[in-house]
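The sequence shown maps to residues 2 to 425 in the numbering used here. We put the beta carbon where it would ideally sit given N, CA and C, even for glycine. Bear in mind that the values here come from a model prediction, so they are computed numbers and not experimental data. Following: one structure in structure tokens, then a few remarks.
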Amino acid sequence: MKEFDAIVIGAGVIGCSISLALARRGIKTLNVDALPAAGYGSTSHSSAIVRPFYSHETSCALAHEARHRWLGWREFLDYAPEPVARYVETGGLVLVRNGTEHLYENNLAMLDKVGVEFHRLSPQEIKKIYPGISLAAFGPPKCQHEEGFGEPVSGNITSGIFIPASGYVSDPQLAARNLQVAAEHEGSMFSFNVRVTNILREGGAISGVELDRGDIIRAPTVVNAAGPHSFAINDLAGITSSLKIKTKPHRHEVAYLKAPSGYQQNAGFIVDLDAGVYQRPDSGDMLIGSADPNCDPPDVVNPDDYNDQFTAQWTTQAIRAAQRWPELGIENNARGTVGLYDVSDDWIPIYDRTDLPGFYLAIGTSGNQFKNAPVVGDLMADVIENRAHDSAPSLMNLTNLKRSIDLSFYSRHRDVQETASVMA
Ligand SMILES: Cc1cc2nc3c(=O)[nH]c(=O)nc-3n(C[C@H](O)[C@H](O)[C@H](O)COP(=O)(O)OP(=O)(O)OC[C@H]3O[C@@H](n4cnc5c(N)ncnc54)[C@H](O)[C@@H]3O)c2cc1C
Numbered sequence: 002m003k004e005f006d007a008i009v010i011g012a013g014v015i016g017c018s019i020s021l022a023l024a025r026r027g028i029k030t031l032n033v034d035a036l037p038a039a040g041y042g043s044t045s046h047s048s049a050i051v052r053p054f055y056s057h058e059t060s061c062a063l064a065h066e067a068r069h070r071w072l073g074w075r076e077f078l079d080y081a082p083e084p085v086a087r088y089v090e091t092g093g094l095v096l097v098r099n100g101t102e103h104l105y106e107n108n109l110a111m112l113d114k115v116g117v118e119f120h121r122l123s124p125q126e127i128k129k130i131y132p133g134i135s136l137a138a139f140g141p142p143k144c145q146h147e148e149g150f151g152e153p154v155s156g157n158i159t160s161g162i163f164i165p166a167s168g169y170v171s172d173p174q175l176a177a178r179n180l181q182v183a184a185e186h187e188g189s190m191f192s193f194n195v196r197v198t199n200i201l202r203e204g205g206a207i208s209g210v211e212l213d214r215g216d217i218i219r220a221p222t223v224v225n226a227a228g229p230h231s232f233a234i235n236d237l238a239g240i241t242s243s244l245k246i247k248t249k250p251h252r253h254e255v256a257y258l259k260a261p262s263g264y265q266q267n268a269g270f271i272v273d274l275d276a277g278v279y280q281r282p283d284s285g286d287m288l289i290g291s292a293d294p295n296c297d298p299p300d301v302v303n304p305d306d307y308n309d310q311f312t313a314q315w316t317t318q319a320i321r322a323a324q325r326w327p328e329l330g331i332e333n334n335a336r337g338t339v340g341l342y343d344v345s346d347d348w349i350p351i352y353d354r355t356d357l358p359g360f361y362l363a364i365g366t367s368g369n370q371f372k373n374a375p376v377v378g379d380l381m382a383d384v385i386e387n388r389a390h391d392s393a394p395s396l397m398n399l400t401n402l403k404r405s406i407d408l409s410f411y412s413r414h415r416d417v418q419e420t421a422s423v424m425a
């Protein structure tokens, strides 16, 4: 039997960031993870795009604050004896098709409120920056078996929104490892290849966890940062019915194809809701992920038993990207990755306490919280230290932006917010 101040279930990018922040505040932590190393879960599949383009001011502000930490990653870590993940600030482009301008107004208003610079690009400017791109219209996106799939429709991409303060992190798993090493330097401990099988309570409060080997670890604080397994940990803790917002795992395929000549390594990522995909450069490749169009039903899976091979999802995404990039070759052997999102009811995470004293949630990251991980550690440390926020207004200071955000936005008791998709 061992004792800690806090146990963090999960050593993904979120769990590692939480232990670093807690350790810096003198709280002795242990991360336990069922996998062999930090960031081997959904973090390792992440496209790791960093963008402040969100439909809510709090999300936009948190992402823009986090970008400052990626810019100064080594300084933020403060202890980095190994290679560190690289943040590549390429900028990012959101394509706007004629007649859909209203869909982006809210996001642009949020950029204005937070003070993020953006430029509107004309079709000529888009073609200059991205030679070879097609500005035909294809949407709304269709499934492969639907008539007209892959064919242009009337209309055009009439403008673009370019956000310079955006980019991607070269190696998301390494970023988690960097956080682990920095946290260990501050006194945190990590235990891998061990699964939490029970959450222990005493006198109505958290008292620790039980592991699959039968070990008992005691702590008055336990954080659920179990990614796509978050719902299972909540079930173990017996708190699921007390949550207004629930989480479930969605399976996602990401395709890698040799990049066309007009889309090279330093090209900005592209969000293309008209074709239903996003793209970013990855060495000599184009990485292609889904923008979750309405025609694609969510692929809800069991996180312990899902298909990790490529399916028609891969081909659909490759063809959608090839509509936009006519020179893109679709290779015979599918390359890429298959990972899980931990999706909440409104694609916004839950960062909160729970009705079970000592049990905290950093879950529902919904395919869009890698970017925020460096700030989520401090956010959760604030929640844990203040035993906040429980839906009550609770301010977190964002030092780079010199402003605060109200953490009740991330409450487990919130009403479902309006968001479009993974773009949140
Ligand atoms: C394909 C894909 C693309 C994405 N693209 C982006 C993007 O472009 N930008 C962005 O910001 N975000 C993106 N995301 C989202 C981002 O990657 C996630 O939000 C983030 O990585 C989640 O980190 P985590 O630490 O919460 O989860 P994870 O990395 O999944 O870590 C959770 C850990 O908990 C462990 N665990 C679970 N149950 C137990 C148990 N019972 N006992 C012990 N350990 C347990 C698991 O083994 C796992 O390692 C993407 C995600 C995916 C899958």
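Closest option to Leu175, judged by alpha-carbon separation, among Arg415, Leu36, Tyr41: Tyr41. Separation of Leu362 and Asp343 (C-alpha to C-alpha, rounded to the nearest whole angstrom) is 13 angstroms. Annotation for Lys128: no beta strand (DSSP E) segment contains it, though the alpha helix (DSSP H) segment containing it runs 124-130. Relative to ligand 1, the beta carbon of Ser242 is positioned no closer than 7 angstroms to any heavy atom. Three or more pairs of CB atoms, one per stretch, sit closer than 8 angstroms, so the region 256-265 contacts the region 116-135. Of the candidates Asn303, Thr338, Gly330, Glu328, the residue whose Cα lies closest to the Cα of Gln314 is Thr338.
Between Ile8 and Val182, the CB-CB gap reaches or exceeds 8 angstroms. Excluding its 5 nearest sequence neighbours in each direction, Gly16 has C-beta neighbours in its own chain below 6 angstroms: Val9, Asn32, Ala226, listed in chain order.
Relative to ligand 1, Ser43 has its C-beta within less than 7 angstroms of a heavy atom.
With 16 or more other CB atoms across the displayed protein chains lying within 10 angstroms of its CB, Thr30 is buried.
Under the three-state reduction of DSSP, Gln280 is assigned to strand. A distance below 6 angstroms between beta-carbons, with the five flanking residues on each side excluded, links Val95 to the following residues of its chain, in chain order: Ile162, Val272. Taking Met397 as the centre and dropping the five residues before and after it, the same chain places the C-beta of Leu380, Asp383, Ser405, Ile406, Leu408 closer than 7 angstroms to its C-beta, in chain order.
By the C-beta density criterion, Asn333 is exposed, having fewer than 16 other C-beta atoms within 10 angstroms. In this structure, Gly340 places its C-beta atom within 8 angstroms of the C-beta atom of His46. By the Cβ test, the region 99-117 is not in contact with the region 298-314, since fewer than three Cβ pairs between them sit closer than 8 angstroms. Between the alpha carbons of Gly368 and Phe270 lies a gap of roughly 16 angstroms.
Rounded to whole angstroms, the Cβ separation of Val224 and Ile19 is 6 angstroms, and the two are in contact under 8 angstroms. Rounded to whole angstroms, the separation of the alpha carbons of Glu90 and Gly13 is 23 angstroms. Look at Lys372 here: in three-state DSSP terms it is coil, with no helix or strand label. Taking each of Phe410, Tyr307, Tyr279 in turn and checking the Cα distance to Pro294, the smallest one comes out for Tyr279. Cβ neighbours of Ile158 within its own chain (closer than 6 angstroms, five residues either side excluded): Leu96, Arg98, Leu136.
Closest by C-alpha distance to Arg196, out of Arg202, Leu212, Thr312, Gly205, is Leu212. Look at the region 136-171 and you find these whole runs of beta strand (DSSP E), each 3 residues long or longer: 154-164, 168-170. Residue environment analysis places Pro394 among the exposed positions, since fewer than 16 neighbouring C-beta atoms fall within 10 angstroms of its C-beta.
Here DSSP, grouped into helix, strand and coil, assigns Thr317 to helix. In the three-state reduction of the DSSP assignment, Val115 falls in the helix class. In the DSSP assignment, Pro250 falls within the beta strand (DSSP E) that extends over 248-259. In this structure, the straight-line span from the alpha carbon of Ala67 to that of Ser60 is close to 11 angstroms. By the CB criterion at 8 angstroms, Ala24 and Ser171 fall outside the cutoff. Scanning the region 314-358 for uninterrupted beta strand (DSSP E) segments of 3 residues or longer gives 337-345, 351-354, listed from N- to C-terminal end. In this structure, the beta-carbon distance from Leu329 to Asp286 does not fall below 8 angstroms.
Under a 10 Å Cβ-count criterion, Arg325 is classified as buried, with 16 or more other Cβ atoms of the shown protein chains found around its own Cβ. Here the distance from the Cβ of Asn333 to the nearest heavy atom of ligand 1 is not below 7 angstroms. Excluding five sequence positions before and after Cys144, the CB atoms of its chain that fall closer than 8 angstroms to its own CB belong to Phe150, Cys296, Asp297, Thr317, given in chain order.
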